[in-house]
Structure formats: structure tokens, C-alpha cells
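Note that the working numbering has the sequence shown beginning at -12, numbered continuously upward. Virtual Cβ for every residue (Gly too), placed ideally from N, Cα, C. For reference, the structure is listed below as C-alpha cells.
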Amino acid sequence: MEAEDMENSIAPPWLELPPEITSSILQKVGPIEMLKSADKVCSYWRRLCHEPAMWRVVKMQNAGADFWDREDDLEKICGRAVECSNGELVDLSLEYFGSDNLLSYIAGRSPQLKRLRLVCSYNVSAVGFSAAVKKFPLLEELHLYYVGISKEAIETIGRSCRGLKSFKLNNQICRHPYIEYDDEAIAIAQNMPELRHLQLLGNKMTNEGLEAILNGCPRLESLDLRRCLNVQLEGELGKRCSSQIKSLRHPEDPTEDYGLDTEMHDFESFDEDYPSGFSDIDLISDDDDDYEFSYGSNYSDDDDDDEMFDY
-12 MEAEDMENSI APPWLELPPE ITSSILQKVG PIEMLKSADK VCSYWRRLCH
38 EPAMWRVVKM QNAGADFWDR EDDLEKICGR AVECSNGELV DLSLEYFGSD
88 NLLSYIAGRS PQLKRLRLVC SYNVSAVGFS AAVKKFPLLE ELHLYYVGIS
138 KEAIETIGRS CRGLKSFKLN NQICRHPYIE YDDEAIAIAQ NMPELRHLQL
188 LGNKMTNEGL EAILNGCPRL ESLDLRRCLN VQLEGELGKR CSSQIKSLRH
238 PEDPTEDYGL DTEMHDFESF DEDYPSGFSD IDLISDDDDD YEFSYGSNYS
288 DDDDDDEMFD Y
């Protein structure tokens, strides 16, 4: 064999690494680069990138100047990640993208999901979320930041995810402290008895809603009420919170460790049906019809085996 042929036949150094080390390296590059670049390096990497164990945890964020242009692409990548998980997905986090169609697709293929986190997923509606969450019976942690869901959706979450232990429902804070709304708090109290951890930053509930939560969630260990401007932790209610809750964050406590916008905002108009300051209509993009998902109705309870993406 000629020297040039021998040189070309030498395997690249990364192929000599143990599979567990290579898998760890690939996971650090993140799901987007894994499915757009890393899986095209060689057949060995492609095989590892498509192992279900690599996709038990999926965390994706939409960021950069091309924010809106990338959303459709990110949904397709997320769909591919769900396919690669082969039903083993247990932890999913989506930031600044997501839609009813994507959630429906994920729900039909992720029966083992235990943790779900959505941040500013403006194209997720209360109706779409309610339809999806029915297929997450093992869900233990649900963290929603600036996602518009309704009282009815909270009730559906409680009925469908009986083992839910951690719930975060955080709204953008608006300057309407006189607006009082306890329906969300009461829905939590009546449908989530197993909660250990609850965060309701910026909620419009009053002391009545807080009392309902203390009565309905007896196992609650931590409660975050920061920026809940209608709650007054004084007198007997304050004493009860201090004695019943191990870790209590007060409405006036600082929010530097929160990580998202906690500045107060003025809204030009306010719909009484949506006390959080925005409606489902506000959260639906005009470009929703541009998404090409090949399955049928967004809210059907029947699984559809059609592929959502072209590989």
C-alpha cells in the first residue's frame, strides 16, 4: 500500500474515543447543532446522534437577530429530536418558540415526559395546551413563563397530571394592582393537591386565592408570591404562611435571581377575561398558517403516525 493510501486509511482521532465520551461531547453542543451539523460528520457520529438515550433531555432556545425567521426551522428540529428520543423524552424546555401544532406532535410521542418548561411560547394557546397536557400523565414539573393559559387549562392540568409536584405560572407584570382575579389560584387549589413547589410571580390573586391554595395544597413546601400585588401577608394569614410553608417569597421580595423581565408594564387596553394582561388572540401569530405539519387536527386525541418532517 502506498504511503498516501495508508495516510488516508488512518481513522480520524475522534473515532478512537470511547462512545460514552463522544456522546458527552455531542450533548454539550446542543440539539440544534447535533441535528444540523454533528450528525453529518461521519456515520459513527450520526449513529450516536440518533440514539434515543441522547434525547431524554432536550433544551432549545430561540435567540439572535433572526428571531422570527428561525422559529419554523426550530420547530422542525425539535420534532426531529422528539423522533430520535423514540418515546424516551423525560425533560423538555422550549424558549421563545413553540406552537399548538408542535405541542400536539410532542404529546403524541412523549408518554414518559416528566418535566416541561415553556418560556415566551407565544403561539401556544390555552386550548392547544389543554389538548397536549392530557397526554402527559407522568408530568411532575410544569414551568410556564409568559404563556397564556386559562383557568380551564389549569383544571385540565390538575386532572391529567395527578402527580404534579412543581408548578410555575408566571405572568408579565402590569400596572393594574386594583384588578383582582382569584380563579387561577382557586383552580390550582382544587386540582393540584400533591404540589410541593408553587411559583406565581405577578399573579392577580388576593388573600382569598392564597387561602384557597393553603387549604387545597397541604403538602406545599415552597411558595413564591413575588409581585403578587393584591396579596397582603399580614395578621393571621401571614402567620399561617410562615408556619405552613418552609420557603416563602413575599410579594415585595427582590427578583434579581429570577432571570426574566420583572419590570412593570402599561397595557393600552385590558380585557377582563384575561387578567394576565394578554389574550389568546394576542398570543397567536399571523403566520401560524405557514407551518407545514402533515398530521390532521391540532387538538385530536387520536395519534397520527404521519411524519411531521422530511428527513
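### Message
I need the straight-line Cα distance from residue 79 to residue 92, nearest angstrom please.
### Response
Roughly 13 Å between the two C-alpha positions.
### Task
Throw me the rounded Cβ distance for the residue 127 and residue 151 pair, which I believe falls under 8 Å.
Indeed they touch by this definition, with Cβ atoms about 6 Å apart.
### Task
Drop a sphere of 10 angstroms on the beta-carbon of residue 230, count the other beta-carbons inside from all chains shown, and report buried for 16 or more, exposed for fewer.
exposed
### Query
Are the beta-carbon atoms of residue 236 and residue 213 separated by less than 7 Å?
yes
### Query
How big is the Cα-Cα spacing for residue 89 and residue 245?
27 Å
### Task
Measure from the alpha carbon of residue 158 to the alpha carbon of each residue in 105, 228, 202, then state which is nearest.
105
### Query
In chain order, what residues of the same chain lie with their CB nearer than 6 Å to the CB of residue 54, ignoring the 5 residues before and after it?
Low per-residue confidence applies at residue 54: pLDDT is 47, beneath 50, and the placement is therefore not dependable, though the value from the model is reported in the following sentence. Hits under 6 Å: none found.
### Task
Name, in chain order, the residues that DSSP records as bridge partners for residue 49.
Bridge partners of residue 49: none, in fact.
### Message
Can you tell me whether residue 40 is buried or exposed? The criterion is at least 16 other CB atoms within 10 Å of its CB, across all chains shown.
### Response
exposed
### Task
Output yes or no for whether 7 Å exceeds the beta carbon distance between residue 48 and residue 77.
no
### Task
With a threshold of 16 other CB atoms inside 10 Å of the CB of residue 222, please say whether the residue is buried or exposed.
exposed
### Message
So for residue 127, helix, strand or coil by DSSP?
### Response
coil
### Query
Hey, how far is the Cα of residue 257 from the Cα of residue 72?
Here residue 257 scores only 36 on pLDDT, less than 50, and its place in the model should not be relied on; the value that follows carries that caveat. Between the C-alpha atoms of residue 257 and residue 72 there is a straight-line separation of about 42 Å.
### Task
With DSSP as the reference, label residue 139 as helix, strand or coil.
In the three-state reduction of the DSSP assignment, residue 139 falls in the helix class.
### Task
Could you check the C-alpha separation between residue 83 and residue 133 for me, to the nearest Å?
Cα to Cα, residue 83 sits roughly 10 Å from residue 133.
### Message
Between the alpha carbons of residue 219 and residue 182, how many angstroms are there, rounded?
### Response
22 Å
### Message
Let me check understanding here. Comparing Cα to Cα, which of 30, 171, 31 lies closest to residue 191?
### Response
171
### Query
Taking buried to mean at least 16 other C-beta atoms within 10 Å of its own C-beta, is residue 197 buried or exposed?
buried
### Task
On a CA-only basis, which of 22, 45, 46 is nearest residue 35? Give me that one, please.
22
### Collapsed DSSP secondary structure at residue 208 in the structure displayed
coil
### Query
Quick one, which of 234, 233, 188 has its alpha-carbon nearest residue 247's?
Looking at the Cα atoms, 188 is the closest of the given residues.
### Task
Grab the span of the alpha helix (DSSP H) containing residue 178 for me, first residue to last.
170 to 178
### Query
Around the C-beta of residue 67, are 16 or more other C-beta atoms found within 10 angstroms, so that it is buried, or is it exposed?
Buried is the call here.
### Cβ shell of residue 176 (< 7 Å), same chain only, five flanking positions each side left out
199, 200, 202, 203, 204
### Query
What's the C-alpha gap between residue 240 and residue 211?
The straight-line gap from Cα to Cα measures roughly 9 Å.
### Task
Measure the C-alpha to C-alpha separation of residue 43 and residue 226 and round it to an integer number of angstroms.
Straight-line Cα distance between these residues: approximately 42 Å.
### Task
For residue 117, count neighbouring Cβ atoms within 10 angstroms of its own Cβ and tell me buried if that reaches 16, exposed if not.
buried
### Query
What first and last residue would you give for the alpha helix (DSSP H) that runs through residue 116?
113 to 120
### Message
Please state the DSSP three-state secondary structure of residue 263.
### Response
In this predicted model, residue 263 has a pLDDT of only 44, less than 50, meaning its place in the structure is not dependable; the value taken from the coordinates is given anyway. Reduced to three states, the DSSP call for residue 263 is coil.
### Query
By how many angstroms is the C-alpha of residue 107 removed from the C-alpha of residue 120?
18 Å
### Message
Please report the straight-line C-alpha distance between residue 174 and residue 186, rounded to a whole angstrom.
### Response
Rounded to the nearest angstrom, the gap between the Cα atoms of residue 174 and residue 186 is 14 Å.
### Whole-angstrom distance between residue 94 and residue 86, CA atom to CA atom
12 Å
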